[in-house]
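Take a look at the structure set out below.
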Amino acid sequence: MLSYVIRRLLLMVPTLIGITVVVFLVMAQSPGGIGGSLLNKEGSMRAEEAQALRAYYEKRYGLNKPLYVQYARWLNQVSPVGFDINKDGTLGRFTVKKPDLGKSFTRERPVLDVVMDALPITLILNLVTIPIIYAIAVTTGIYAAKHRGKTFDVGTGVVFMALWSLPTMWVGVMLIGFFANKDFVQAFPTSGVHDTLVDTMRFLPHWEAGAGESSGMWAGFQRGWLLDACWHLVLPIVCMTYGGFAFLSKLMRASMLDNLAADFVRTARAKGVDERTILFQHVLRNSVLPLITVAAGILPGLLGGSLIIEQIFSINGMGKLMIDAIFTRDRELVLSVTFVISLISTVSLLLADICYALADPRVSYE
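To convert, note that position 136 of the sequence shown is 1064 in the numbering used here; the numbers rise steadily by one, no gaps.
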């Protein structure tokens, strides 16, 4: 297993390089090229000012160099092993160095700072979403398989098929229009992850003394930073979960039914093993193997889905950051966000393989 993990980690290097090369070439061939958005400021400048601005950007970001030189420069910049860059732009000695994601063209900030502002929000969305998806999928899948053909099985089958068919964009707009609209329920906020007064809040909910009794039982209640964040994330998490558990629940049900009809189950029943032991100790472990296989694509899929969710609910996560960077053709930001998302996706594939081997002793990667 250790040798397999090491091989997979080494294979991540050419995989990440290939992904970033494709993204870099697509950006380079787009109208205006990589630095097109940088030169939009020339419109209100005099000719000599525009020429000076262009010369500065070409020197600062190497936009006048061939594409392979530009990419090699960026790759050397983000690599933990490479050449030092001297102040005059020449290469220094080859050494182990601190990776640098560069500076954003349009935001005039280090890319690492921009990414670190957006990444926690996207990770929180996904780390909350995945357990919810699997908890609902495994529970409903087991119960539906155990009561095959009964009301719960038929009802959940119809409901989950309908949920799987609903597009995320439409559901997000409908949730905002109904649950965040003052003309209807208005139970949740329309956008963002915090209230505008979040800086004045405590971390945990609390009651403030001195509130009038005539205001009701909730008089003086302050939701605090944590509850405020949870309140803002309810609708985005609903949008990110319904399609996942609808699909995985049907997959879990089918896998359970296949294993319940297997020979080892009939043998266990013939030996007098009770149904609960058969279900949870014999059938369940074999039935979760397809879910582990699908899990390899769940996290990348959620990261991709969060692009839409973050845009609809105006959440400043990695998805919205990527869209803004693409529109402005911010090379450093697009490549760095692509690198981070690709790294998370490849690591999730590796973790899925490890979990598969742990769940099924017959699997060996040696």
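Glycine included, C-beta positions come from ideal geometry on N, C-alpha and C.
Remember, it's a predicted structure, so these values are computed and weren't measured experimentally.
Under a Cβ-count criterion, where at least 16 other Cβ atoms within 10 Å of its own Cβ denotes burial, should residue i be classed as buried or exposed?
| i | result |
| --- | --- |
| Asp-1281 | buried |
| Glu-1141 | Legend: pLDDT at Glu-1141 = 49, less than 50; position of this residue unreliable, no value from coordinates given. |
| Gly-1295 | Since the first and last residues shown for the chain are 929 and 1294, residue 1295 lies out of range. |
| Leu-930 | exposed |
| Lys-1248 | buried |
| Asp-1258 | buried |
| Asn-1014 | exposed |
| Pro-1027 | exposed |
| Pro-1088 | Reading off the sequence, residue 1088 comes out as Phe, not Pro. So Phe-1088 ends up on the buried side. |
| Glu-1238 | buried |
| Leu-1019 | exposed |
| Tyr-996 | exposed |
| Arg-1181 | buried |
| Met-1102 | exposed |
| Gly-946 | exposed |
| Ile-934 | exposed |
| Gly-1200 | exposed |
| Leu-939 | exposed |
| Ala-1046 | buried |
| Gly-1010 | buried |
| Val-950 | exposed |
| Leu-1125 | exposed |
| Leu-1029 | buried |
Contact check, residue i vs residue j under 8 Å by CB: the rounded distance?
| i | j | result |
| --- | --- | --- |
| Val-1043 | Ser-1264 | 6 Å |
| Thr-1050 | Gly-1245 | 4 Å |
| Ile-1251 | Leu-1235 | 6 Å |
| His-1122 | Ala-1157 | 6 Å |
| Trp-1153 | Phe-1116 | Not really, about 17 Å apart at Cβ, beyond 8 Å. |
| Lys-1025 | Pro-1008 | 7 Å |
| Ile-1064 | Phe-1173 | 4 Å |
| Thr-1068 | Ser-1177 | 5 Å |
| Leu-944 | Ser-1270 | 6 Å |
| Thr-1034 | Thr-1256 | 5 Å |
| Leu-1053 | Pro-942 | No, Leu-1053 and Pro-942 are not in contact; Cβ-Cβ is about 30 Å, not under 8 Å. |
| Arg-1076 | Leu-1185 | 7 Å |
| Val-1006 | Phe-1175 | So it is not a contact: roughly 35 Å between Cβ atoms. |
| Phe-952 | Tyr-999 | 5 Å |
Give me, in chain order, the residues of the same chain whose beta-carbon lies closer than 6 Å to that of residue i; leave out the 5 immediate sequence neighbours on both sides.
| i | result |
| --- | --- |
| Thr-1118 | Ile-1104, Ala-1108 |
| Leu-1278 | Arg-936 |
| Arg-1001 | Gly-990 |
| Ile-1240 | Gly-1100 |
| Leu-1261 | Ser-1032, Val-1039, Ala-1253 |
| Ile-1060 | Thr-1169 |
| Ala-1223 | Ala-1280 |
| Gly-1085 | none |
| Asp-1081 | Ala-1072, His-1075 |
| Gln-979 | none |
Within the continuous alpha helix (DSSP H) that includes residue i, where are the two ends?
| i | result |
| --- | --- |
| Leu-1053 | 1039–1074 |
| Pro-942 | 930–956 |
| Leu-1185 | 1152–1188 |
| Lys-993 | Per DSSP, Lys-993 belongs to no alpha helix (DSSP H) and is neither H nor E. |
| Ala-1198 | 1191–1198 |
| Thr-1118 | Unbroken run through Thr-1118: none, as it is neither H nor E. |
| Gly-1085 | 1079–1093 |
| Ser-1215 | 1212–1215 |
| Val-1099 | 1096–1107 |
| Asp-1127 | Here Asp-1127 belongs to no alpha helix (DSSP H), and DSSP marks it neither H nor E. |
| Lys-1248 | 1246–1256 |
Under the DSSP definition of a beta bridge, which residues are partnered with residue i?
| i | result |
| --- | --- |
| Gly-912 | Outside the shown range of the chain, which is 929 to 1294, sits residue 912, and nothing can be said about it. |
| Lys-1031 | Pro-1038 |
Once the 5 residues before and after residue i are set aside, which same chain residues still bring their CB inside 7 Å of it?
| i | result |
| --- | --- |
| Leu-1308 | Limits of the chain in this structure are 929 at one end and 1294 at the other, which puts residue 1308 out of reach. |
| Pro-1218 | Leu-1179, Ser-1183 |
| Leu-1155 | Pro-1133 |
| Glu-976 | none |
| Phe-1106 | Phe-1112, Val-1113 |
| Met-955 | Ile-962, Arg-1257, Arg-1259, Val-1262 |
Under 8 Å Cβ to Cβ from residue i, same chain only, skipping five residues before and after it: list those, please.
| i | result |
| --- | --- |
| Met-1129 | Asp-1123, Gln-1150, Arg-1151, Gly-1152, Trp-1153, Asp-1156 |
| Tyr-1284 | Leu-1217, Ile-1220, Thr-1221, Val-1291 |
| Val-1056 | Leu-1161, Ile-1165 |
| Arg-1021 | Phe-1011, Asp-1012 |
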